[in-house]
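Colleague: One structure coming up, written as structure tokens, with questions to follow.
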Amino acid sequence: MSLESVVLQISNVKPSFTGDDFIKLLPELIVLLSGTLITIIDMLIPKDKRPSLGWLALIGYSGALVAAVALFNYMPPTGVPSSSFGGMFIRDNFTTFLEIVFLISAILSVLIAPDYVLKRDMPIGDFYNIQSSAVLGMMVTAAAGDLTVIFVGIELISISVYILTGFARNDKGSAEGALKYFLLGIIATAILVYGMAWLFGMTGSTNLNEIRQAITATPGLKDDPGLTFAMLLLLVGFGFKIAAVPFHIWTPDAYEGAPTPITAFMSTGPKAAAFAAMVRVMVQGIPQLSEQWTIVIAVLAVLTMTLGNLVAIVQKSVKRMLAYSSIAHTGYIMIGLAAYVNSPEKGRDAIGSILLYSVIYVFMNMGAFGIAIWLQNTGNGIDEEDYNGLGSWAPIPALAMAVCLFSLTGLPPTGGFFGKFFVFRAAIDSDLTWLVIIGALNSAVSAFFYLRIIVAMYFRPAPEGIKERAQPTRALFITTALVLITAAILILGIYPGPALDWARDGATPFFEGIKTAIGK
Numbered sequence: 270m271s272l273e274s275v276v277l278q279i280s281n282v283k284p285s286f287t288g289d290d291f292i293k294l295l296p297e298l299i300v301l302l303s304g305t306l307i308t309i310i311d312m313l314i315p316k317d318k319r320p321s322l323g324w325l326a327l328i329g330y331s332g333a334l335v336a337a338v339a340l341f342n343y344m345p346p347t348g349v350p351s352s353s354f355g356g357m358f359i360r361d362n363f364t365t366f367l368e369i370v371f372l373i374s375a376i377l378s379v380l381i382a383p384d385y386v387l388k389r390d391m392p393i394g395d396f397y398n399i400q401s402s403a404v405l406g407m408m409v410t411a412a413a414g415d416l417t418v419i420f421v422g423i424e425l426i427s428i429s430v431y432i433l434t435g436f437a438r439n440d441k442g443s444a445e446g447a448l449k450y451f452l453l454g455i456i457a458t459a460i461l462v463y464g465m466a467w468l469f470g471m472t473g474s475t476n477l478n479e480i481r482q483a484i485t486a487t488p489g490l491k492d493d494p495g496l497t498f499a500m501l502l503l504l505v506g507f508g509f510k511i512a513a514v515p516f517h518i519w520t521p522d523a524y525e526g527a528p529t530p531i532t533a534f535m536s537t538g539p540k541a542a543a544f545a546a547m548v549r550v551m552v553q554g555i556p557q558l559s560e561q562w563t564i565v566i567a568v569l570a571v572l573t574m575t576l577g578n579l580v581a582i583v584q585k586s587v588k589r590m591l592a593y594s595s596i597a598h599t600g601y602i603m604i605g606l607a608a609y610v611n612s613p614e615k616g617r618d619a620i621g622s623i624l625l626y627s628v629i630y631v632f633m634n635m636g637a638f639g640i641a642i643w644l645q646n647t648g649n650g651i652d653e654e655d656y657n658g659l660g661s662w663a664p665i666p667a668l669a670m671a672v673c674l675f676s677l678t679g680l681p682p683t684g685g686f687f688g689k690f691f692v693f694r695a696a697i698d699s700d701l702t703w704l705v706i707i708g709a710l711n712s713a714v715s716a717f718f719y720l721r722i723i724v725a726m727y728f729r730p731a732p733e734g735i736k737e738r739a740q741p742t743r744a745l746f747i748t749t750a751l752v753l754i755t756a757a758i759l760i761l762g763i764y765p766g767p768a769l770d771w772a773r774d775g776a777t778p779f780f781e782g783i784k785t786a787i788g789k
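For what it's worth, our numbering labels the leading residue of the sequence shown as 270, then goes sequentially.
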């Protein structure tokens, strides 16, 4: 081949991306730029000025949130999702809705964290920088159209959260939690990658659309035991990331050992990102196997919510109780996933219920941990007895905590009630009434330990002189967060219609696009 022909071939190659592709990446680029600026400025300014980096983090996340909302309105509500970079990145309302969830989680985390981090002399610039890496990983994971991108996104989240879990360098509990999380995490990652490799070997591609097409086009591949084995490996890997039973062993120690703001963050956004990856693979990559997984997903949901709630009952540490509560809520979200795999034709409502529950869960879980952080900032602990009489000496934080606990229980008029209602309704519509009954019983069990905290706050006496002993705390950021959280939970409980419509819009292009692509 002559040099001229090579040059001619190169000149005829068209780029696989355009300016429009970068517009679709705008939220991710803003988060990346924000994290980079935080790193550079952190090195240039004196230590006493570094708390101001929180404002830069807020500006970055808020800018990305505005861009994501604009893209949500920009994307067509129906039709095949828009892909970029050779199909590796997908921009649809499913992606964008989840990015909004991640950014809300990040903003609330920035608001509740500063006092806690500064009082313990942790490097706050590093905190914001590493957190931005985790947020970027979440956004990449939700938008992934390829197994390799899912892996990169999940590992960017995981490595960032490993570091954040052990962020309290002088705390043995933090180091222990980080080590356990890391060691178990690398095993789960190996299993996940093995499943991806096996799926690649069976279908000849890592692209989710091409995997689906290969399964459809290859006679007998759908029923091949090798494909089932690959899915089992992926299920184990994703199960670890979402803390589903029996892959939850790392969760209590990691959540309890990590600094409380980190626990609040890692229990919300990263979990939603792992669910996003799980849905992408099951709905977009291998929808042909959905009917085979109904009982598996349903049993995992039952085990997860039941064990999480039962073990939470005996916890005296509110932080550890919320860790097991987080496991239980994974089970509730899995009910929505089970509803999809049992009746894919009703996938819009099932996936929409998962999206709605995810955003409500961010608010109520962040709020519960936010009050725990506020209590620690005043010099108190986070055991149940530390909440005794909180309503008498700190009525506003007590009210915010009560709203969050009512929502976690699933009581009206809070967002948690409608979150569970729509998940349960999707399951009933998919003929999984038995699963809904178990979920409702679990919600009743959870009332025991959630309402126990409310009893402590309002019906037990406060320790003598606690208000006078409470250390002063700079309350601007955390007060703002708690006001926003409480308002959001109540608004979502009183007027859930718009949020439900947005969640359904988030599910529609994803689901309808897949149906169009496979000719259903």
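For each residue, glycine too, the CB sits at the ideal point set by N, CA and C. Source: prediction; values computed, not measured.
Which whole runs of the alpha helix (DSSP H) in the segment 614-647 are 4 residues long or more, in chain order?
Modeller: Whole alpha helix (DSSP H) segments, 4+ residues: 616-646.
Colleague: Let me check understanding here. Comparing Cα to Cα, which of 531, 492, 708 lies closest to residue 397?
Modeller: Along the sequence shown, one-based indexing puts residue 397 at 128. Ranking 531, 492, 708 by Cα distance to residue 397 puts 531 first.
Colleague: Starting from residue 555, trace the alpha helix (DSSP H) both ways and give me its first and last residue.
Modeller: Numbered from its first residue, the sequence shown carries residue 555 at position 286. Looking at the DSSP string, residue 555 is not in any alpha helix (DSSP H), and its letter there is neither H nor E.
Colleague: Take the Cβ of residue 357 as the centre, count every other Cβ of all protein chains shown within 10 Å, and call the residue buried at 16 or more, exposed below.
Modeller: By one-based count along the sequence shown, residue 357 stands at place 88. It is buried - the Cβ of residue 357 has at least 16 other Cβ atoms within 10 Å.
Colleague: Under 8 Å between the Cβ atoms of residue 572 and residue 515?
Modeller: Position 303 of the sequence shown holds residue 572. Position 246 of the sequence shown holds residue 515. Against a cut-off of 8 Å, the Cβ pair of residue 515 and residue 572 comes out as a contact.
Colleague: Out of curiosity, what's the CA-to-CA distance linking residue 430 and residue 535?
Modeller: Within the sequence shown, residue 430 is the residue found at index 161, counting from 1. Within the sequence shown, residue 535 is the residue found at index 266, counting from 1. Computed Cα separation, rounded: 7 Å.
Colleague: Alpha carbon to alpha carbon, how far is residue 419 from residue 298?
Modeller: Along the sequence shown, read from residue 1 onward, the residue named residue 419 stands at position 150. Along the sequence shown, read from residue 1 onward, the residue named residue 298 stands at position 29. Approximately 18 Å between the Cα atoms of the pair.
Colleague: Tell me whether residue 649 sits in a helix, a strand or coil according to DSSP, three-state version.
Modeller: Locating residue 649 in the sequence shown gives position 380, counting from the first residue. If DSSP states are grouped into helix, strand and coil, residue 649 belongs with coil.
Colleague: Kindly identify the DSSP beta-bridge partner or partners of residue 415.
Modeller: Along the sequence shown, read from residue 1 onward, the residue named residue 415 stands at position 146. Per DSSP, 476.
Colleague: Report the residue ranges of all alpha helix (DSSP H) runs contained in full by the segment 389-441; include only those spanning at least 4 residues, in chain order.
Modeller: 393-411, 416-434
Colleague: Taking the Cβ atom as the reference point for each residue, do residue 463 and residue 504 lie within a distance shorter than 8 Å?
Modeller: If you number the sequence shown from 1, residue 463 lands on position 194. If you number the sequence shown from 1, residue 504 lands on position 235. Taking 8 Å as the Cβ cut-off, residue 463 and residue 504 do not qualify as a contacting pair.
Colleague: Count the other C-beta atoms from every protein chain shown that fall within 10 angstroms of the C-beta of residue 648, then say buried if there are 16 or more, exposed otherwise.
Modeller: Counted from its first residue, the sequence shown places residue 648 at position 379. By the neighbour-count criterion, in which 16 or more other beta carbons inside 10 Å mark a residue as buried, residue 648 falls on the exposed side.
Colleague: Exposed or buried, residue 574, counting other C-beta atoms within 10 Å across all chains shown (16 or more means buried)?
Modeller: For the purposes of this step, residue 574 is identified with residue 305 of the sequence shown, where counting begins at 1. Its Cβ being crowded by 16 or more others within 10 Å, residue 574 is buried.
Colleague: Excluding the five sequence neighbours on either side, which residues of its own chain have a C-beta within less than 7 Å of the C-beta of residue 563, listed in chain order?
Modeller: Locating residue 563 in the sequence shown gives position 294, where the first residue counts as 1. So the qualifying residues of the chain are 607, 610, 611.
Colleague: Let me know if residue 525 comes out buried or exposed under the rule of 16 or more other beta-carbons within 10 Å of its beta-carbon.
Modeller: In the sequence shown, the residue the question calls residue 525 occupies position 256. Answer is buried; the Cβ neighbour count reaches 16.
Colleague: CA-CA distance, residue 777 and residue 363?
Modeller: If you number the sequence shown from 1, residue 777 lands on position 508. If you number the sequence shown from 1, residue 363 lands on position 94. Distance between the alpha carbons of residue 777 and residue 363: 8 Å.
Colleague: Work out the CA separation of residue 552 and residue 360 for me, nearest whole Å.
Modeller: The residue given as residue 360 occupies position 91 in the sequence shown. The residue given as residue 552 occupies position 283 in the sequence shown. For residue 360 and residue 552, the distance between alpha carbons rounds to 16 Å.
Colleague: Please say whether residue 304 and residue 374 have beta carbons closer to each other than 8 Å?
Modeller: In the sequence shown, the residue the question calls residue 374 occupies position 105. In the sequence shown, the residue the question calls residue 304 occupies position 35. Result no, Cβ atoms of residue 374 and residue 304 do not sit closer than 8 Å.
Colleague: Count the other CB atoms within 10 Å of the CB of residue 475; is the residue buried (16 or more) or exposed (fewer)?
Modeller: Here residue 475 is taken as the residue at index 206 of the sequence shown, counted from 1. It is buried - the Cβ of residue 475 has at least 16 other Cβ atoms within 10 Å.
Colleague: Report the three-state DSSP secondary structure of residue 586 (helix, strand or coil).
Modeller: Your numbering for residue 586 matches position 317 in the sequence shown. Reduced to three states, the DSSP call for residue 586 is strand.
Colleague: With three or more beta-carbon pairs closer than 8 Å as the criterion, would you say the segment 407-418 touches the segment 431-450?
Modeller: Contact fails between the segment 407-418 and the segment 431-450, because fewer than three Cβ pairs, one in each stretch, are under 8 Å apart.
Colleague: Using a threshold of 8 Å, state whether the C-beta atoms of residue 651 and residue 588 are closer than that.
Modeller: To locate residue 651, count along the sequence shown from 1; it is residue 382. To locate residue 588, count along the sequence shown from 1; it is residue 319. Yes. Within cutoff.
Colleague: Buried or exposed: which applies to residue 771, given that a residue is buried once 16 or more other Cβ atoms fall within 10 Å of its Cβ?
Modeller: Working through the sequence shown from its first residue, we reach residue 771 at position 502. Classification of residue 771: buried, given that the 10 Å Cβ count is 16 or more.
Colleague: Note down, in chain order, each residue of its chain lying with its Cβ closer than 7 Å to the Cβ of residue 336, except the 5 sequence neighbours on either side.
Modeller: For the purposes of this step, residue 336 is identified with residue 67 of the sequence shown, where counting begins at 1. Within the same chain, residue 336 has close Cβ partners 295, 296, 299.
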